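Using this note's numbering, you'd call the opening residue of the sequence shown number -18 and step up by one each time.
We put the beta carbon where it would ideally sit given N, CA and C, even for glycine.
It should be emphasised that the depicted structure is a prediction, and the values quoted were computed from it without experimental measurement.
What follows is a single structure, written as structure tokens, with notes after it.
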Amino acid sequence: MEADNSGNLDASDHQTSREGSNSSAIETRLCVVGKENGENKNLMEAIQALNMQTTVTDNVKETMQTAADDIEIAFICDPFEGENFELLRKEEQRIIGPPIVYACAQQKQPLPYNSRPIYCSVMSNHILCFTGFRKKEELGRLCNLVHHMGGSIRREFSGRVTQLVANSIHGQKYREKYKMMPFHGCYLSFHGFSDEEKKHMEESTEQQGGVPVEASDARCTHLVVEDSVQELPSGLVEQTAFQAVKQEWFWASIHMDACADESLYHFTATEPSEGGSQQNTPGSRKRKRRKLKDSDLSDLLSPDSPLFRSKRKSGDLLSASGSLLENSLASPATPSESASGPVTTPVTVPPKPLTSRQQVALELLQTEKNYVEILTNILKVFKEPLEKDPRGGSIISAEDIKTIFGRLPGILEVHNKIMNELELLLNDWKEDKCIGNIISSRAEDLVKVYPPFINYFEMTKETVARCDRELPRFHAFLKACLSRPECGRQSLAELLIRPVQRLPSMNLLLTDLLKHTDKKNPDHTALGQAVDSLKNIMTHINEDKRKTEGQVQMFEILRDVDNCPAYVLSSHRVYVSKVDTFELSDTICGKGQAVTIFLFNDSLEAYKHVKFMPLSHVRRVVDIRDNSDSQNLFGIIYRCSQELKEKLLMFRLIGEEINKEEWLQKLTMGLANTACTADTENFLTSVDAEELMLTKSDMSNGTLFRAIRVAKRTKKKVSRALSMNKTPKKAPILRRTTSSVSPSTRQVPKASPLMPSALLNQMPRPRATSVPAAELMSP
């Protein structure tokens, strides 16, 4: 079965001599197709050596029609394409190429019988298998080429296969162990790097199949030069055995999973300055970068700008090349004198000085341009190359690419519009131009695109760090991008924090612009509205972020707490805090047992779900005063709606994550919010340990004493001892605000025989709130 455009790979090439009684009765003749082939002297001499009757024709259709039944014609075609070839192939005629004729004439052998077109026999002993080719047409073309050269094709990769042709290293039949590493056979030396960076690159060289050597080693094939190096020492210049390449070549090779073309990364020494070459030490390079950075920023910012005074601690600018202020404030050049004498120049009118309001407006535009450029470069330099399928296959998964970059295009689109509108307004500047309207009109768009990025910024950073740590090719990709001028020597993690910083920076500039705007100016009101809009946006982002963090933490708790019921995860329930304790009473787990208490906005959960208490059932929080025998003790008085008696639970805090004062404050605030009152003092009572009949023996008895002693010595938290993961850390937010908790219900506490009467007398009674019975029963 022939493997043509149908792409069938089951066929094998059959080249045998005709056998049987019918072979002697059939005469074989040759037909040379095309006038040019008929005029080929070498070909015609080879045909004469075969002693076969031959004709030359340009009309193969007529030759096929006039051929007798007892005569078989072998058509000699060159090239294996064109109208005549396709017609012969379609009619399943016997087609051979001139190399077959030459070989048979030289070896004095008859022509081989072939059932498919065969041009030469260079692959007659080869059996090929293809993998990774998805396009059927491309696979069919390759199979035909193999068959034309006498080779065979197999669908499955077995022991008979001599060659595997892979479109990428991720094909199903691909064997990674046969692949050569990027630096195979390369001896690499490094120049201009710090000791730490050099050690890291030498380790990467060994991992990628290369050998790190000194530049003086005769085996050295490549000298990798650091970007800031301008020229090589004379001793290295005299050595021509190795190739001097930029450091980008090193990381690009690992990124491509193949040795990159050295000519694209060839190191060329720069011309020395008039003052002579200076030694390029790491310290001098850092000082030079810092000097250039400070120079750029001072040229860009107006002296009255709040960002100028704060020296751009937020790092809002990546570069200041092509600064609009530099072009606007540039002084006219001083005319030079020619050899023939002074040159007269026309008198130029000095440019009109910029107002303070115009300077801040220009600064707002320039920082917006820089921000848009940063976002564009992140997508162009990092995202687009990662989305393409390089030679070595995907670097990171599509899910990780979406996690890192998926929310940036929307932010870029909004700020691109703001930048264009600001530029259009400032090109035709007038003092009564309303900049505030531009920001206010985009407030709704900003509040849509920023929360998805800010809420999951920590996840974005963790994804970048994990891929950088676990995937060598991604690490090399980031290193190669770091040397790109578009990145300004800043890493991907440093660039990704810019959206977190941009809105506060804009708010600072708009506030400064408002200060320099006269109250009679129509833009004064518009700017005030714009500043308020940005503050509202940041508040919304912070609130939305806290909700997202709370939801993530709730899922973490649900996963970590054994046998935690599903109803603990609720849309209205928000995680507040947790503490690790030992129980002093004998109500939940037993005296001396470790208990982790989670505080939510409406309830308490004791780890491993041994107790779930709505805050509406908690009557008081008891602060047990510290003394020499007892410290970090507190109690909770609660009563369920089905119970007649109140119970006192007593605990001892351990660990240093949260102190007792902070924990009691959060606990009483939760009770106050549940009761719809601001008087947190009504829910806190302080007593001495003696009033609760707690003695030193209670604190040092048996299991409790041993557990506390071990906890102090090892400084381990109870949750760690119980193999419980910590709740996620909070990501950076734009500005801290106070969140409110939905009110719930309260009931007036009643006396309990479990509590001393002195304790009950000290407790003030809070205001009661009447609610439906159904809400009292809800968890």
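Rounded C-alpha distance that separates residue i from residue j
i: D567; j: T655; result: 27 Å
i: R479; j: K350; result: 13 Å
i: L69; j: T35; result: 17 Å
i: L489; j: E638; result: 35 Å
i: N397; j: K227; result: 35 Å
i: V37; j: A239; result: 50 Å
i: N125; j: I76; result: 13 Å
i: C415; j: L346; result: 14 Å
i: I377; j: C448; result: 7 Å
i: T658; j: R600; result: 14 Å
i: S486; j: P466; result: 24 Å
i: N408; j: L463; result: 35 Å
i: Q386; j: F434; result: Correcting the residue identity first, residue 386 is Phe in this sequence and not Gln. About 9 Å.
i: Y168; j: L145; result: 29 Å
i: E672; j: D604; result: 12 Å
i: E443; j: V103; result: 54 Å
i: Y556; j: Q534; result: 7 Å
Same chain, Cβ closer than 6 Å to residue i, five either side skipped, listed in chain order
i: E212; result: A250
i: W230; result: A241 and Y246
i: L393; result: L356
i: P432; result: I522 and D525
i: F174; result: E207
i: N358; result: E467
8 Å CB neighbourhood of residue i in its chain, flanking five on each side removed
i: A196; result: S170, H172, L204, L217, Q220 and F223
i: R423; result: V395, K398 and I399
i: E187; result: P193
i: V353; result: L393, H396, N397 and M400
Paired residues, beta bridge with residue i - DSSP
i: P789; result: The requested residue 789 is not part of the displayed model; the chain covers only -18 to 760.
i: Y168; result: V192
i: T761; result: This structure gives no information on residue 761, because the portion of the chain shown stretches from -18 to 760.
i: Q471; result: DSSP, once it has assigned bridges, lists no residue as partnering Q471.
i: N631; result: Position check: residue 631 holds Met in this sequence, whereas Asn was assumed. DSSP output for M631 lists G616 as bridge partner(s).
i: K559; result: F579
i: D449; result: Its beta-bridge partners do not exist; DSSP assigns none.
i: V146; result: F111
i: S133; result: I108
i: S667; result: D604
i: Q224; result: H203
i: R75; result: A55
i: H247; result: V226
Closest Cα partner of residue i within the set the options
i: A86; options: K361, N32 and T9; result: N32
i: T661; options: F455, K42, L652 and R600; result: L652
i: Y94; options: F56, S609 and E564; result: F56
i: A575; options: F563, E586 and S584; result: F563
i: I108; options: S96, R135, G469 and Y100; result: R135
i: G140; options: R527, P163 and C110; result: C110
i: L459; options: E177, W232, K117 and A30; result: W232
i: S209; options: F248, E119 and C201; result: F248
i: A461; options: S514, P366 and K89; result: P366
i: K519; options: A199, T492, L484 and L634; result: It is worth fixing the name first, because residue 519 is Met in this sequence and not Lys. Nearest C-alpha to M519: L484.
i: G191; options: M182, G166, H181 and K179; result: G166
i: G494; options: M161, L123, E137 and T336; result: The sequence given here places Leu at residue 494; Gly does not occur at that position. Out of M161, L123, E137 and T336, T336 has the C-alpha closest to the C-alpha of L494.
i: T44; options: A30, G63, C12 and E20; result: C12
i: R527; options: G636, K496 and E439; result: E439
i: E183; options: E475, I235, E72 and Q471; result: I235
i: G469; options: I382, V362, T441 and R554; result: V362
i: R388; options: E425, F455 and Y437; result: Y437
Anticipated Cβ contact below 8 Å, residue i with residue j, distance rounded
i: L580; j: L648; result: 6 Å
i: G131; j: S105; result: 4 Å
i: A511; j: I420; result: 4 Å
i: P595; j: S611; result: About 29 Å; that fails the 8 Å criterion.
i: L360; j: P390; result: 7 Å
i: N663; j: K641; result: So it is not a contact: roughly 19 Å between Cβ atoms.
Any non-hydrogen atom of the ligand PLP closer than 7 Å to residue i Cβ
i: A575; result: The ligand PLP is absent from the structure shown, which contains no ligands of any kind.
Residues near residue i by beta carbon distance below 7 Å, same chain, minus five either side
i: A27; result: V82, Y83 and A86
i: D669; result: R606
i: V14; result: T38, V41, F56, I57, C58 and N65
i: A48; result: I54
i: T498; result: R338, D504, H505 and L508
i: Y100; result: F61, G78, P80, H129 and M130
i: N18; result: L24, I57 and D59
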